[in-house]
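Heads up: the sequence lines are chains A and B, in that order. Numbering follows my numbering, with no gaps: position 205 of the first sequence is 206. Numbering follows my numbering, with no gaps: position 339 of the second sequence is 1413.
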Amino acid sequence: MKRSWWILLAVLLIGALALTACGGQQPTKAAPAGGNQGGNQGGSQQTGAKQLTFGILLVGPYNDHGWSQAHYDAAQTVAKKLNAKMLYVDKVNPADRPGTTAEQLAEDLVSKGAKVIIFNSDDMKDSALAFAQAHPDIYVIHASGDNAWKEGKDYKNLPNLSNVMGKMIYGKMIAGCAAAMTTQTGKIGYLGPLINDETRRLASSAYLGAKYCWEHYRNKDPKDLKFKVTWIGFWFNIPGVTSDPTQVADDFFNNGYDVVLSGIDTTEALVEAKKFHDQGKKVYAVPYDYRDACEEAPEVCLGVPYFNWVPGYTKLLKSAQDGTWKSTFLWLGPDWNNINDPDTSSIGFEPGDALSDAASDAVTKFETELANGLQLWKGPLKLQDGTLYLKDGQVATDQQIWYLPQLLEGMEGQSVPQK
Amino acid sequence: MSKQLERWGFVLLATLVALIFTSFVLVLAGASPVAAYWYILKGSLGSWTKISDVMVAWVPLLLATAGLLVTFAAGQWNIGVEGQIVLGAIFTTWVMRSLQHTNTPAAIVLILAFIAGAFGGAIWSAFAGILKVYGGVNEIFGGLGLDFVAVALILWLIFGPWKRPGIGSMSGTEPFPHRLWLPTIHGTRLSLWALAIGLVSIGVVYFLLTGTYFGLKLKAVGRNPKAAYLMGIPTTKYLMGAFIISGIFAGLAGAVQVTAVYHRLIPAISSGYGWLGLMVSMLINFQAAWAAPVTFFFAALNIGSIQLPIMLKLDSSLSGVLQGALVLSFLLLEGARRRWVKRREEAKNE
């Protein structure tokens, strides 16, 4: 007993020595990088305006080639643009950061001078809300989520909370069009994650785009277009819990579905398409989320619908910087002048190498039509079970689209989770 | 005396090796090791808030480790500890869910929830014990299997019967009302109740293993089950007892995670404390007296390393590198020490 305490003391001593011995002055040298409590210190280096410090919490690794990296890259761009200072913590989830909550990490960033905190995931909803309530003096941006939407179902009246999200429905429509212009069998598969408002909305958007191009550009009967959604149960494969996305993609390709659109966070659809392609089959895939996603298998990639968070973050951070902040719900669409403009378009579609010239022309034409006001979320539209969703000529409201209760008529696949 | 010095020397050496290795990794990553260690230190012990945050993470890790020490004393590798934490959390959540909208006083709900948590952990651990003792299934394989089942179960609950209204989400079940949160010290996230449970638990385990006949016999079973059996110790009973006690503490860890840390059930509710507890147990050579300080050190590393991405743009998994390096270098040097001692004694005898 006694001896062990001595050893412990020794360990701690050594630790302390090792930590401080060689570097008495080092920490102070590094300190300016962190800034002082207030954040007004940065301002002194700048003439006039106070420098804004903001923090961003990323749910995944900052370099995940997907959701989190899109946020990280955008935040960095915006920081440069506004001459703001950015702090970040990545892998903000209980599995990667045991014993911490997003709220706690947000407070850490505040103690380093952040005046705005961005929460980048739906999974941080509780933390974002609790944090916004507890810190009325800090601006909170929650990417995805609808708590700041006055007309939404989950409105919480918090003046310091805003939401931002890209109108991916357009990206998915374009992706659907690319699939419809490419398919030879008339069968399109959609590899879906779990079933909720958002995923129903996106799968249905892809279907609407596919149906339109099939009918109007290929002059075919919509009844001959098969569009099947298979949900794996989550955003990525969890062995034993979700269906295996590799298996689901294989099943699609083996059953005559020659284009698979991915709605999940990982790249199984693309990988499997390449496998079948290498065996001489003509199959294609459309990944999701991140602009460079096609690079993994360009020979089968028709293109990728992706998020660009720069416009949304610029708008919100700027308002925090110049004191014009108002709690808002931003559901930002593409810039129809150029949907791939990194500064102005909140969603985009990057065409892939496998998209044929003819199909590419059609996709461009479709984009132009959308830009000119083509409405696909317009009646007559029925839900999957045949109930009327939109009357003839009726255009869906944002609420009707956001909270889509079922898949649409003509789509195959589950609309609601099994009990 | 010289023997003690020698032990010290090895502890020192092992720590140095780990630090040097980690520093090397840091330099490779283009960072100053001194700055990194400094920020970890400041981020974990730099203020009372930080220290209380470390303690929040410390308690469940301490509980898991306390349980593991009991099974290790009986010579069992209770790999199923992760699943036991999960089951503890599930049972706790179940009680909380059933009673949250009733008039039951919060204190009673929480007490029942903790009892249920301990029970859940004990059941899951007992399964591993039964498989081992009566089924002849190695506890490592049985435990691993049960871990997988536990994870499948918790995901099913969160995305199925216990999902939030409308959608299942990785963020877990709907949070419990505030009154069912384990009360915390004002201005911190630390609950004195949780802290007390953790400290009492490790105290109980320490006493059990070093101050009772039960502990002595358990160790006998752990060293040599056959000999223990021949000496009249009912080995199966003792093994099962070890599993159940271990499970109780793991279950309590799960209960703390639900009632004091996350206030709901989340998929990663165990925070990996089971695995970390296994590492700590090895590092301290299964000595209960060391459990509290070393788990505190590990918790401090976890909390402090959050500063790495913020201040130095470094990956915070470097704290994991340091933890792993510590365990490995201790194990390596312990092996080396034994050989060295043995050789010296052989030399002496010649």
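Glycine included, C-beta positions come from ideal geometry on N, C-alpha and C.
Three or more Cβ pairs closer than 8 Å define a contact, and the stretch 1173-1180 of chain B falls short of that threshold against the stretch 1385-1396 of chain B. Counting the other Cβ atoms within 10 Å of the Cβ of B/Trp-1230 gives fewer than 16, which makes it exposed. Judged by beta-carbon spacing, A/Ala-176 lies within the 8 Å limit of A/Val-287, meaning their Cβ atoms are closer than that value. DSSP places B/Ser-1265 in the coil class of the three-state scheme, outside both helix and strand. Secondary-structure assignment with DSSP links A/Asn-164 through a beta bridge to A/His-143, A/Phe-330. Taking C-beta atoms under 8 Å as the contact rule, B/Leu-1256 and B/Ala-1334 qualify, at a distance of about 4 Å. Counting along the chain, A/Tyr-191 sits inside the beta strand (DSSP E) bounded by residues 188-193.
In this structure B/Phe-1084 is in contact with B/Leu-1407, their Cβ atoms being roughly 5 Å apart against a cut-off of 8 Å. In this chain, A/Tyr-63 is not harboured by any alpha helix (DSSP H), its DSSP state being neither H nor E. If you check the CB distance, A/Ala-211 and A/Phe-330 do not come in under 8 Å.
CA-to-CA, the gap between B/Ala-1105 and B/Val-1099 works out to about 9 Å.
Residues of the stretch 1344-1361 of chain B with a C-beta less than 7 Å from any C-beta of chain A: Ser-1345, Gly-1346, Tyr-1347, Gln-1361, listed in chain order. In its chain, beyond the 5 residues on either side, no residue has a beta carbon closer than 6 Å to the beta carbon of A/Asn-373. For B/Thr-1089, the enclosing alpha helix (DSSP H) stretches over residues 1076-1102. Listed along chain A are Gln-105, each with a C-beta nearer than 7 Å to that of B/Asp-1127. Straight-line measurement puts the Cα of B/Ile-1322 at about 14 Å from the Cα of B/Leu-1186. For the stretch 1246-1279 of chain B, residues whose beta-carbon sits nearer than 9 Å to a beta-carbon of chain A comprise Gly-1246, Glu-1248, Pro-1249, Arg-1263. B/Trp-1198 has its alpha-carbon roughly 29 Å from the corresponding atom of B/Ile-1377. In this structure, B/Leu-1143 lies away from B/Ala-1374, with their beta-carbon atoms at least 8 Å apart. Inside the stretch 1143-1222 of chain B, DSSP marks whole alpha helix (DSSP H) runs of 4 or more residues at positions 1155-1173, 1180-1207, from first to last along the chain.
Annotated three-state conformation of B/Ala-1374 is helix, per DSSP. With 16 or more neighbouring CB atoms inside 10 Å of its own CB, A/Ala-80 falls in the buried class. Beta-carbon to beta-carbon, A/Lys-229 and A/Glu-410 are separated by about 14 Å, too far to satisfy the 8 Å threshold.
Looking from the CA of B/Trp-1122, the closest CA among B/Gly-1209, B/Gln-1078, B/His-1260, B/Ile-1189 belongs to B/His-1260. The beta-carbon of A/Pro-99 is placed less than 8 Å from the nearest beta-carbon of chain B.
With contacts defined by Cβ atoms closer than 8 Å, A/Trp-232 and A/Gln-415 form a contacting pair. For B/Trp-1112, the uninterrupted alpha helix (DSSP H) run begins and ends at 1107-1119, by DSSP. Non-local beta-carbon contacts of A/Asn-256 in its own chain, meaning distances under 8 Å to residues more than five positions away in sequence, involve Lys-188 in chain order. Listed along the chain, the chain A residues whose CB falls inside 8 Å of the CB of B/Ala-1131 are Pro-99, Gly-100, Thr-101. Contact with chain B is absent for A/Val-272, since none of that chain's Cβ atoms lies less than 8 Å from the residue's Cβ.
Assigned with DSSP and collapsed to three states, A/Met-412 falls in strand.
Classified as exposed, B/Arg-1417 has fewer than 16 neighbouring CB atoms from the shown chains inside 10 Å of its CB. Bounds of the alpha helix (DSSP H) holding A/Tyr-314 are 311-322.
The Cβ atoms of A/Cys-295 and A/Gly-334 lie no closer than 8 Å to each other. For the pair B/Ser-1403 and B/Leu-1093, the Cα-to-Cα distance works out to about 10 Å.
By the neighbour-count definition (other C-beta atoms within 10 Å, threshold 16), A/Asp-147 is a buried residue.
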